[in-house]
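Everything below concerns the one structure shown next.
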Amino acid sequence: MKINLDQSDTLLQLDKTQLFEATAHYSSWIADGYTQAKALEVKALSGKVDEIVMCSVGGGPVASLVQLKSLLFDEIRVPIILSQAYSMPAYVDDDSIVFIVNYSGGSEEVVSAYRHAITTGAMIIVLTAGGKARELAEQNGHLLFQLPAGRQPRMISTSHVLVPMLVILHRLGLISDPDQGIAETIRLIEQLTPAYAPQAVLADNEAKQIATEMDGLIPVVYGTLPFTDASTVRFKNQLAEVSKVMAFSNAMSGLHHDEANGWDADSAMLRQFHFTLIHDREDTEPMGRRLRATREVLASRAGAVRVITSVGESRLARMCSLVYLIDHVTLYLAFIRGVHPSQGEALNEFRARFNS
């Protein structure tokens, strides 16, 4: 039997791991992550930097690293590269900065890459809650940002990955001061919390509305380069990790040169898809036209099409407004589908087979 999303008491009773309560703490967690990062001893760089390489696995942290790239697209003067391999790319050397981001500190890909990074002479900065990564950081005297224990990595990826990395990059002299954007983000999330909470009824709750639309359909999320494409990654990852549904994402304008041909699929098949298009006020005029044309073409073909729009003033606040909406949507969809947001049977089976 489908759950009634307006029965908030029932929702909260089913939420055994108190994920709605945790999500309501996002603003205070961002403040905590910011305060902790400001206390780090980070000195401005005296030499050149050729690239920043970020090593991580897992949906939440990886999405935050992609968001960092989008956020700084037209500001930072060195490339930011995400690496999920067991080793460092050949170009990493003593003119590189390597961020090791791993909640457990024990993911084998990240630990292997970390060991390799040590041999390159790169400057290494570690964000972890413990494990081998923390051990290596302490042994080698690397800058260590301690992630809080007892929380799900995807739920602190904004507060304790994205925000601290902005603070660190500013201290290194690579970007402008993020303080005002962080302060606005905290205020904005506080304002949005009641709008998406279980107590807010479906008619007034955008997160509940989107989750209800998505139920029974295959989600596809489209963003625009160079900004909202990062939010599509977060959305896709959260749909898989929390709602337990296969989802897909892409970015305009690239998708209009290849993927859009798939819109000619059999009509019965395409009506099984829900398309979410993400809009931001910084979308260029050509991107705005592309988004509108995409919505118009898909409207008569897909199962459902919805446009969501970021809110806020600063780029960071607008990006985090999308994260906050996305995280509520995927939680509601999980409960609609009757699945546990924190457990994954297929992933547990994979790990058992992989480690056997």
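Using the numbering used here, you'd call the opening residue of the sequence shown number 361 and step up by one each time.
From the three backbone atoms N, C-alpha and C, an ideal C-beta is built for every residue, glycine too.
Should H688 be labelled buried (16 or more other beta-carbon atoms within 10 Å of its own) or exposed?
Using a 10 angstroms sphere on the CB of H688, the tally of other CB atoms reaches 16 or more, which defines it as buried.
Return the residue from the list R531, I578, N621, S613 that minimises the CA-CA distance to T636.
With respect to the C-alpha of T636, the residue from R531, I578, N621, S613 having the closest C-alpha is I578.
Within the stretch 552-640, ranges of the beta strand (DSSP E) (whole runs, at least 3 residues):
Runs of the beta strand (DSSP E) inside the stretch 552-640: 578-584, 608-612, 633-639.
Among A567, Q598, S670, nearest to Q703 - alpha-carbon criterion:
For the residues A567, Q598, S670, the minimum Cα distance to Q703 belongs to Q598.
Shortest alpha-carbon distance to G465 belongs to which of P701, L372, T488, N565?
Ranked by Cα distance from G465, the options P701, L372, T488, N565 are led by T488.
Backbone secondary structure at T518 - three-state DSSP:
In the structure shown, T518 sits in a helix (DSSP, three-state: H, G or I).
Identity of the residue in T545, V486, I546, H700 nearest V605 by Cα:
Minimum Cα distance to V605 is reached at H700.
Nearest to D626 by CA position, among G663, S603, Y474, I638, is which residue?
Answer by Cα proximity: G663.
Between L585 and M612, how many whole angstroms is the CB-CB distance? I'm expecting something under 8 Å.
About 7 Å separates the two Cβ atoms, so the contact holds.
CB of E573 within 8 Å of CB of R697, strictly
8 Å or more divides the Cβ of E573 from the Cβ of R697.
Does the contact criterion of 3 or more C-beta pairs under 8 Å hold for the stretch 534-551 versus the stretch 440-447?
The answer is no - the stretch 440-447 does not touch the stretch 534-551, with fewer than three Cβ pairs under 8 Å.
Going by DSSP, what residues sit across from V486 in a beta bridge?
Under DSSP, the beta-bridge partners assigned to V486 are I460, L504.
Which residues in the same chain as I535 place their Cβ atom closer than 8 Å to its Cβ, once the five residues preceding and following it in sequence are excluded?
L432, E435, I436, L526, L529.
8 Å is my cut-off, CB to CB: does Y463 come that close to chain B?
In the structure shown, chain B does not exist; there is a single protein chain.
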